[in-house]
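**Q**
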Amino acid sequence: MRIVCPFCGERELGEFTYLGDAKPVRPTADAGEDAVHDYVYLRDNVAGVMSENWYHGGGCRAWLKVTRNTLTHEIAAVEPAAGAGAAKVGA
């Protein structure tokens, strides 16, 4: 599988680290214990298209949101994750 990084271009999968479903939103600091439990432990196991967080550790060190079909591994889109950008290598 190859991922087209918006900053570096097409790269080998080994440069990236999968970090999970991009859909869950972290609860606020005053959220109850149930909300934190649900955020940490309850995740959908989607068989099909989903948005995922990936980290380009072997390249620009950017956080990316990858839209991928989990059955075929076809990648439909790759974009910078919210608030993320490319880090300066060596910084």
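Take the sequence shown: its letters are residues 1 to 91, numbered as in our numbering.
Positions of the beta carbon are idealized from the N, C-alpha and C atoms, including for glycine.
Within 10 Å of its beta-carbon, does L19 have 16 or more other beta-carbons around it, so buried, or fewer, so exposed?
**A** exposed
**Q** Quick one, which of T72, G59, T28 and P80 has its alpha-carbon nearest F16's?
**A** G59
**Q** Any idea if V40 is buried or exposed, counting beta-carbon neighbours within 10 angstroms, 16 or more meaning buried?
**A** exposed
**Q** Could you give the DSSP three-state label for L19: helix, strand or coil?
**A** Reduced to three states, the DSSP call for L19 is strand.
**Q** Can you give the Cα-Cα distance for G57 and D30, rounded to whole angstroms?
**A** The alpha-carbon of G57 is positioned some 33 Å away from that of D30.
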